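Residue numbers (the numbering used here), protein chains in the order written: chain W, 1 to 141; chain S, 1 to 111.
Right under this line is the structure:
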């Protein structure tokens, strides 16, 4: 197998304005690599939701996107508070986002469900007070 | 019957804040203000009607591949949001009509 094409990003935890920069760049790169609009849409939405989560809950984090022969992998890692109850967090409508986040249209409790919806595999490794690492894969073949 | 974004602008009398790809064809519409809900349900090439006008709307429209955003109720849109739409190639439109009236308008022109 050839070496995967990788992209690394730092997600700024300070503002919502730059959130979406990394997913926007991934979208552009995947388009240049010739992926279908549907694959690009799924990867970029999943990544954007992850970026937003890191901004809302973890003060930012790191993202790595790797393009393998038959799938695209997105790894999101932060040093935030962790997810105390994953099952609850995965329920649509459940959110711990603060009021000012809801005022701009986020915090509907659909971030993690959307990440699962748009990817073929998703694993969450989390430890309270330590951080969270989410690995998502979208099959491309 | 398919319509382009430019046709939509002229037939519904919308204000074009950023018309980056007027020839784009519309395949339907969706209305919603909760961004993650929109990301879950809006399909490619749909017109997205919303009253939200922060810069994240442009990111969501771009990532979901919406054909255009129509801001309802004449909501105020900051210059930086318009600039972001131009940069990301998002068609950003506005109307004084409500979301409900805009949906009726889309139906009347055959969407």
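By construction, the Cβ of each residue, glycine as well, lies at the ideal position given by its N, Cα and C atoms. Quantities reported herein were computed from a predicted structural model and do not represent experimental measurements.
Best match in S/45, S/93, S/76 and S/80 for proximity to residue 63 of chain S [C-alpha to C-alpha]:
S/45
Going by Cα to Cα distance, which pick from S/18, S/8 and S/75 is closest to residue 98 of chain S?
S/75
Three Cβ pairs or more, each shorter than 8 Å: is that satisfied between the segment 93 to 109 of chain W and the segment 22 to 42 of chain W?
no
Examine chain S for any beta-carbon lying closer than 9 Å to the beta-carbon of residue 50 of chain W, and answer yes or no.
no
contact_flag[the segment 25 to 35 of chain S, the segment 3 to 17 of chain W] where n(CB pairs < 8 Å) is 3 or more:
no
Distance between residue 3 of chain W and residue 148 of chain W (C-alpha atoms, nearest Å)
The first residue shown for chain W is 1 and the last is 141, placing residue 148 of chain W beyond what the model contains.
Beta-carbon gap between residue 26 of chain S and residue 2 of chain S smaller than 9 Å
yes
May I ask which residues mark the beginning and end of the beta strand (DSSP E) holding residue 71 of chain W?
71 to 78
Give the list of continuous alpha helix (DSSP H) stretches no shorter than 4 residues that lie fully inside the segment 8 to 88 of chain S.
35 to 41, 55 to 64 and 79 to 88
At a CB distance below 9 Å, what residues from the segment 59 to 81 of chain S approach chain W? Give them in sequence order.
59, 60, 62, 63, 64, 65 and 80
What's the gap between the Cα of residue 59 of chain W and the Cα of residue 41 of chain W?
25 Å
Looking at chain W, which residues of the segment 78 to 107 of chain S have a Cβ within less than 7 Å of any of its Cβ atoms?
88
Members of the segment 43 to 68 of chain W that neighbour chain S once the beta carbon cut-off is set at 7 Å:
44, 45, 48 and 49
Quick check: is the beta carbon of residue 140 of chain W nearer than 9 Å to any beta carbon in chain S?
no
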